[in-house]
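Residue numbers (the working numbering): 1 to 451.
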Ligand code: 9WN
């Protein structure tokens, strides 16, 4: 297939089958009141996964969607951070590495305000939660009001953003920094390679990976990558997860992370307004963040946003899907929107075999069509770009991407990601956010205005 337009729109019967399949994945992956990303590879609750899952669940059960977010918020720390994993105590420690006994949140995180239970990790993931909470509220405002959902979620989500905008403004320019490659959610992206070279890996004997019990080594990060991930997380833990005490060896400003912060800040504004509170601080913050995103990370020559390495004060010379996701930000200058649209359709991201968007430059030196975030196309990033295209009224491109997403989700049995060269599904199957976001796109109404 050469054009996204070649993807056929699902018929009503096909859409119903896909909807049922997606619902089945979310039912099967349920664990108590939350949902695991994958029964095999990821048996706990993950932060940005749960936000995407809630966005899909709102089409099946608004109550369950609310609980998904509330369960995650039960792991929030008093300093405002929402941890990237909330551990299920019923799951054996050897089912996933790093497990609770590695992070030791209730002990090492005590000064930063980690809860005594549940156990959590100490790092974060992209802040898509306020957007999710607002979309869940909108799915059934009466039920939301009856349960006091927004009134309970809003202060917690505002504290989460405060944490990011204060403790994590490591560059002093207003944007939030990530301090571990797991934080931007695109763990193994070539964008981190150079910065990771400076990190002394932990000795292989110091840890035991669990991911290779389920994932294929050609899909997953290498042992050397893992050694560095472990070193960074150990250093953070030994500094009691205190961002003021540690000079982070890895500190990056990531376009996707900050774009989601902006969109979520706008969602906080909508929530504040709905609750009769002052929304202007959120609107002001979102506007300022948008200016800083453009001033600090936009690369006009490349036609996309770049990652900024705060330890070298330089933009990382890699083209990654993270640099396209700021399309989701309303109010971007028109010229930037046009350049992003061109980049999406240009040689670096337009794969012939899939209707999705590759995670990394198809012509890049580090491109690998199978390995985790180094080329494969992911469904959550496609969903974000779809929303971005809608936000900027690029409806034809948005609809093409929607059709590509739905076709790939079905063909790959809701895979974690697909090989952009062959379209083959890779990673876990029956992956929760793929199913959840497929449900959302099946329900998407092109006439509905974007918030
Ligand atoms: C580490 C759960 C998570 C996603 C991330 C994805 C992957 C974990 C891992 O799985 O990361 O957090 O073990 O590789 O990269 O985006 O949230 O689905």
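Ideal Cβ placement from N, Cα and C applies to all residues, glycine included.
Return the CA-CA distance between residue i and residue j, expressed in angstroms with no decimal places.
{"i": "residue 320", "j": "residue 356", "result": "14 Å"}
{"i": "residue 382", "j": "residue 130", "result": "19 Å"}
{"i": "residue 26", "j": "residue 312", "result": "43 Å"}
{"i": "residue 265", "j": "residue 166", "result": "14 Å"}
{"i": "residue 173", "j": "residue 222", "result": "33 Å"}
{"i": "residue 270", "j": "residue 198", "result": "42 Å"}
{"i": "residue 386", "j": "residue 158", "result": "26 Å"}
{"i": "residue 353", "j": "residue 427", "result": "18 Å"}
{"i": "residue 2", "j": "residue 403", "result": "Per-residue confidence for residue 2 stands at a pLDDT of 37, beneath the threshold of 50, marking its modelled position as unreliable; no derived number is given."}
{"i": "residue 412", "j": "residue 314", "result": "38 Å"}
{"i": "residue 62", "j": "residue 72", "result": "16 Å"}
{"i": "residue 329", "j": "residue 247", "result": "31 Å"}
{"i": "residue 340", "j": "residue 111", "result": "43 Å"}
{"i": "residue 245", "j": "residue 103", "result": "17 Å"}
{"i": "residue 534", "j": "residue 302", "result": "Only positions 1 to 451 of the chain appear in this structure, which leaves residue 534 out of reach."}
{"i": "residue 368", "j": "residue 375", "result": "5 Å"}
{"i": "residue 48", "j": "residue 126", "result": "6 Å"}
{"i": "residue 31", "j": "residue 333", "result": "43 Å"}
{"i": "residue 79", "j": "residue 298", "result": "31 Å"}
{"i": "residue 390", "j": "residue 143", "result": "27 Å"}
{"i": "residue 373", "j": "residue 360", "result": "7 Å"}
{"i": "residue 226", "j": "residue 216", "result": "15 Å"}
{"i": "residue 28", "j": "residue 380", "result": "20 Å"}
{"i": "residue 187", "j": "residue 98", "result": "14 Å"}
{"i": "residue 135", "j": "residue 160", "result": "18 Å"}
{"i": "residue 209", "j": "residue 224", "result": "12 Å"}
{"i": "residue 195", "j": "residue 233", "result": "15 Å"}
Take residue i and list the residues in its own chain whose beta-carbon comes closer than 7 Å to its own, dropping the five residues that flank it on each side.
{"i": "residue 15", "result": "442"}
{"i": "residue 114", "result": "77, 105, 106 and 120"}
{"i": "residue 243", "result": "167 and 168"}
{"i": "residue 452", "result": "Here the chain comprises residues numbered 1 to 451, so residue 452 is not present and cannot be evaluated."}
{"i": "residue 237", "result": "103, 104, 108 and 122"}
{"i": "residue 149", "result": "66 and 137"}
{"i": "residue 310", "result": "170, 171, 177, 251, 252 and 253"}
{"i": "residue 228", "result": "196, 199 and 201"}
Our contact map puts residue i next to residue j with C-beta atoms below 8 Å; I'd like the distance itself, whole angstroms only.
{"i": "residue 133", "j": "residue 267", "result": "7 Å"}
{"i": "residue 190", "j": "residue 377", "result": "Actually they are not in contact, since the Cβ atoms of residue 190 and residue 377 sit about 15 Å apart, beyond 8 Å."}
{"i": "residue 54", "j": "residue 68", "result": "4 Å"}
{"i": "residue 201", "j": "residue 231", "result": "6 Å"}
{"i": "residue 325", "j": "residue 384", "result": "5 Å"}
{"i": "residue 418", "j": "residue 408", "result": "6 Å"}
{"i": "residue 290", "j": "residue 331", "result": "6 Å"}
{"i": "residue 95", "j": "residue 275", "result": "40 Å between Cβ atoms; not a contact."}
{"i": "residue 415", "j": "residue 434", "result": "6 Å"}
{"i": "residue 272", "j": "residue 154", "result": "7 Å"}
{"i": "residue 249", "j": "residue 235", "result": "7 Å"}
{"i": "residue 432", "j": "residue 37", "result": "5 Å"}
Under 6 Å Cβ to Cβ from residue i, same chain only, skipping five residues before and after it: list those, please.
{"i": "residue 286", "result": "262, 265 and 266"}
{"i": "residue 184", "result": "178, 254 and 257"}
{"i": "residue 4", "result": "Legend: pLDDT at residue 4 = 37, less than 50; position of this residue unreliable, value from coordinates given subsequently. Excluding positions up to five away in sequence, the list reads 355, 400 and 404."}
{"i": "residue 140", "result": "62"}
{"i": "residue 100", "result": "87 and 119"}
{"i": "residue 259", "result": "325, 326, 328 and 329"}
{"i": "residue 181", "result": "187 and 192"}
{"i": "residue 343", "result": "303 and 304"}
{"i": "residue 388", "result": "327 and 328"}
Tell me which same chain residues have a C-beta within less than 8 Å of the C-beta of residue i, skipping the five on either side of it?
{"i": "residue 60", "result": "23, 26 and 439"}
{"i": "residue 347", "result": "362 and 363"}
message: Under 5 Å, CB to any heavy atom of the ligand 9WN. Which residues pass, going along the chain?
response: In chain order, the residues that have a beta carbon nearer than 5 Å to some heavy atom of the ligand 9WN are 37, 42, 46, 49, 182, 185 and 187.
- request: Quick one: which unbroken alpha helix (DSSP H) runs of 4-plus residues sit fully inside the segment 97–171? Chain order, please.
  value: Counting whole runs of 4 or more residues, the segment 97–171 contains the alpha helix (DSSP H) stretches 100–103, 105–108, 129–139, 141–146 and 149–166.
- request: Return the chain-ordered ranges of every alpha helix (DSSP H) run that is complete within the segment 278–351 and spans a minimum of 4 residues.
  value: Whole alpha helix (DSSP H) segments, 4+ residues: 280–297 and 334–345.
message: Ignoring anything shorter than 3 residues, give me the beta strand (DSSP E) runs that lie fully in the segment 29–94, in order along the chain.
response: Counting only runs of 3 or more, we get nothing.
Those runs of the beta strand (DSSP E) which lie wholly inside the segment 206–241 and span at least 3 residues: Correct list: empty.
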